[in-house]
Amino acid sequence: MLATGCKKKEAASTSTGSVGSGSPTVVIVDSGADPANAAGSAAPPAGSGVASTNPPPKIGTGDPASLAALTAIKLPLPTGVATTLAWQDVSVVNADGDRRSNLEDGEDHIMSVHILDCRQTILKDYISKPANERGDNGYCFDPPTGMLKGFDLIAPTGAVQRAVRAGNITVIATAGTSGDKRVKTDGLAAWLEMLDLAAIARM
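For reference, each letter of the sequence shown is one residue, going 185 to 387 in my numbering.
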């Protein structure tokens, strides 16, 4: 089951503070607006973004990171998840510049991760598309709503996703549909923080 990219509406809220125990402050801006473009990456409402000091990714230009390089990125287990579980790559869709992985426990889908290199040539096709037609590719274009370890954090309004953009690569984390909600949306930024974002940015 590939759940990466799906969006579910959450109760609107506005929060500013730390996400995850012991993590640095992560500022998330949520305007509470109705997520009209919930089919893709929800572009934050005007005025809700933060200033980024990072250069924008190269959209559709240059050589994307190889699948081997992306597969070498270690995906940590979310806090509280049994250590007997393991990430499973979705090999049928994975390619250079594009890695998707699921974390499952039997029939329970706990979490999905999509590692997307914005340099893929196909991204050029999305430059002129509206936000609600870009899907996960939209995270290469969306303005940040916060910062995480010095990198752009994107927290779409009303979605069960969080994304961090490190250099030309965007990592998109999606809370799963497991009945016990072992991974909740407000814990996704803490999971993204566990990644070696500086190394990912150098790819």
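Ideal placement from N, C-alpha and C gives every residue a C-beta, glycine not left out.
Note that the coordinates shown come from a computational prediction; the quantities given were computed from them, not determined experimentally.
Does DSSP put residue i in a helix, in a strand, or in coil?
| i | result |
| --- | --- |
| T358 | strand |
| E377 | helix |
| D326 | coil |
| D292 | strand |
| I353 | strand |
| D309 | helix |
| N286 | strand |
| I384 | helix |
| D273 | strand |
| A347 | strand |
| D301 | strand |
| L254 | helix |
Contact criterion: CB-CB distance below 7 Å. Does residue i meet it with respect to chain D?
| i | result |
| --- | --- |
| S362 | Among the chains in the structure shown there is no chain D, since it carries only a single protein chain. |
What number of angstroms, rounded off, separates the C-alpha of residue i from the C-alpha of residue j?
| i | j | result |
| --- | --- | --- |
| V355 | L300 | 6 Å |
| L381 | T255 | 15 Å |
| R366 | L337 | 22 Å |
| A350 | P240 | 10 Å |
| G334 | S362 | 31 Å |
| S275 | V234 | 36 Å |
| A279 | G264 | 30 Å |
| T341 | I294 | 21 Å |
| N316 | Y310 | 11 Å |
| N352 | V344 | 23 Å |
| C302 | G290 | 33 Å |
| I384 | D292 | 29 Å |
| T305 | P262 | 32 Å |
| A339 | R346 | 5 Å |
| K258 | M331 | 22 Å |
| E377 | V348 | 9 Å |
| K242 | K368 | 31 Å |
Just mark residue i as buried or exposed, buried being the case when its beta carbon has 16 or more other beta carbons within 10 Å.
| i | result |
| --- | --- |
| T237 | exposed |
| P260 | exposed |
| R283 | buried |
| G360 | buried |
| T358 | buried |
| P314 | exposed |
| G246 | exposed |
| S312 | exposed |
| A266 | exposed |
Since residue i and residue j are thought to touch, with beta carbons under 8 Å apart, how far apart are those beta carbons, to the nearest angstrom?
| i | j | result |
| --- | --- | --- |
| M387 | A252 | Contact flag wrong, Cβ pair sits at about 11 Å. |
Cβ contact check for the segment 323-334 and the segment 267-285: 3 or more pairs under 8 Å: no
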